[in-house]
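Colleague: Counting the sequence shown from 1 gives a position; the working numbering is that position plus 3.
Beta carbons: idealized from backbone N, C-alpha and C, even for Gly.
Quantities reported herein were computed from a predicted structural model and do not represent experimental measurements.
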Amino acid sequence: MLIKKELADKMIEQVGNEFGAAAQYLAIAVYFEQEAMENTASFFYTQSEEERQHGLKLLKYVVDAGGEVNIPAVPAPKMKIDSAEDAFQMSLNWELEVTGQINGLMDLARQQNDYMAQNFLNWFVNEQLEEVTTMEKYLGLVRKMGDRNLFYLENLIAHPEAAGGAE
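1) Hey, could you find the ends of the alpha helix (DSSP H) residue 14 is sitting in?
2) Do you know how far the Cα of residue 142 is from the Cα of residue 161?
3) Identify the continuous alpha helix (DSSP H) that holds residue 100 and give its terminal residues.
4) Report buried or exposed for residue 20, applying the criterion of at least 16 other Cβ atoms within 10 angstroms of its Cβ.
5) Should residue 70 and residue 8 be called a contact, given that it needs their Cβ atoms to be closer than 9 Å?
6) Can you tell me which of the three DSSP states residue 160 falls into?
7) For the alpha helix (DSSP H) containing residue 124, list its first residue and its last residue.
8) Answer with buried or exposed for residue 37, where buried requires no fewer than 16 other C-beta atoms within 10 angstroms of its C-beta.
9) Taking the CB atoms as reference points, tell me whether residue 11 and residue 101 lie closer together than 9 Å.
10) Going by DSSP in three states, residue 63 sits in which element: helix, strand or coil?
11) Near residue 43, which residues of its chain fall below 7 Å by C-beta distance, leaving aside the five closest residues on each side in sequence?
What follows is the structure, encoded as structure tokens:
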């Protein structure tokens, strides 16, 4: 076994977190779909799939490293979303939380002198920079636009380069 039990368990816990994020982003996508904001809905459907892929990537690493796998239960997503700002704030909060979780995994890998895990986790560390900055940019834009001008958001999401590369 190339991975210690404690780190394998924490990575599998993160698999559950990633699958939970996928479910939450799916709920947010549905919210925007119901608001007739199809580009924004599509953005969140893509985010949902990315989170699912992140979970699978962690799962595969633990399996390949010989760790024990017990896939955790995933809590139901929050379905009550009050506004676009609420959706993006929720997303930013989640990405900040995940950043802390990934940093915790990296800290544990360092404590255990697990260089393979550190190398693997570096991808997630870099990914979190992109995820957090994207949500921060879109949240800032939504706040500037206000509820009456959200149709601009649809255009910006369809053309992220117009938002200063928010995606």
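Modeller: Taking the definition as stated:
1) Per DSSP, the continuous alpha helix (DSSP H) segment holding residue 14 begins and ends at 8 to 37.
2) Roughly 16 Å separates the two Cα atoms.
3) Residues 87 to 114.
4) With 16 or more other Cβ atoms inside 10 Å of its own Cβ, residue 20 counts as buried.
5) Remark: C-beta atoms of residue 70 and residue 8 approach each other more closely than 9 Å.
6) For residue 160, the three-state secondary structure derived from DSSP is helix.
7) Under the DSSP assignment, residue 124 falls in the alpha helix (DSSP H) whose first and last residues are 118 to 148.
8) Around the beta carbon of residue 37, a 10 Å sphere encloses fewer than 16 other beta carbons of the protein chains shown; the residue is thus reported as exposed.
9) No. Outside cutoff.
10) Residue state, collapsed to three classes: helix.
11) Taken in chain order, the residues that qualify are 35, 156, 157 and 160.
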